Amino acid sequence: MADRAHAIRGARTRRAHPTPEEEAHVAMALEIGSLAPDFELPNQFGEHVRLSDFRGNRPVALVFFPLAFSSGCTNELCTLQDNITMFQDQRIELLGISVDSKATLRSFAETNGYDFELLADFWPHGAVSKEYGVFLEHKGFATRATFVIDVQGRIKASIITEPGLQRDVAEYKAALDRLAACSAPVPVG
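Per the numbering used here, residue 646 is the first one in the sequence shown, and the count goes up by one each step.
This is the structure in structure tokens:
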């Protein structure tokens, strides 16, 4: 099972002594090429965001993170903000997702100056994280996982790490390069 989980879907997965539950959970994450499950979640302003609304319009990077204001999540999302142009240049919608409340996510985004939406997978608790196979039941939050979804709504790359391990910018660049290599041009406008 470790080999299957380690060969995850178009991106490397880093491990630092995962528990058997974490190992099994990562192995259940969605496969490359599968249709990304649709969902609707409120953003940090209370506006509802539906994944399928991007279909036919622009690709999406779903960035699941454990908890707002934790040092690892703050560092990682600040790194994404510092590198936001790698998403903007390809017209990729960047969406962060955690089990935090809308109010917590709004404060988190304002405190750190994020120029991308944060979605509250708050209630039912972790429902979208569970659907994507990245929710850690025994911890009550999602592991760090990113799904890069093309304009047709198909998963083209994923990056999955354990909660304590941050995703690397080079992994994002490689995932976005895979998307660009297999995608038609994104409509402008």
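We put the beta carbon where it would ideally sit given N, CA and C, even for glycine. Since we're looking at a predicted model, the values are computed, not measured.
About 7 Å separates the CB atoms of Ile737 and Arg703; that is less than 8 Å, so the two are in contact.
If you compare the alpha carbons of Ser743, Glu776, Phe767 and Ala772 with that of Leu680, the shortest gap goes to Glu776. Using a Cβ-Cβ distance cut-off of 8 Å, the region 687-701 and the region 781-791 are not in contact, since fewer than three pairs of beta carbons, one from each stretch, lie closer than that value.
As for any beta strand (DSSP E) of minimum length 3 sitting wholly inside the region 739-821, the runs are 762-765, 789-794 and 800-806, ordered along the chain. Between the alpha carbons of Tyr817 and Ser752 lies a gap of roughly 25 Å. Residue environment: Gly771 is assigned as buried (16 or more neighbouring CB atoms within 10 Å of its CB, all protein chains considered). Taking C-beta atoms as the reference points, Asn757 and Leu722 count as a pair closer than 8 Å. In the three-state reduction of the DSSP assignment, Glu685 falls in the strand class, which pools E and B. About 6 Å separates the beta carbons of Asp760 and Ile729, which is inside the 8 Å limit, making them a contact pair. When C-alpha distances from Ile742 are compared across Glu685, Asp795, Leu707 and Glu676, the shortest belongs to Leu707. Here Thr724 has Val814 as same chain residues with Cβ atoms under 7 Å from its own Cβ, once five neighbours each way along the sequence are excluded. In the structure shown, Phe732 falls within a helical segment according to DSSP collapsed to helix, strand and coil. With distances taken between CA atoms, Gly717 lies nearest to Arg789 out of Arg789, Lys747 and Gln726. Within the model, the alpha-carbon separation for Ala819 versus Ala754 is close to 26 Å. Of the candidates Gly798, Leu763, Gln726 and Met731, Leu763 places its Cα closest to the Cα of Phe690.
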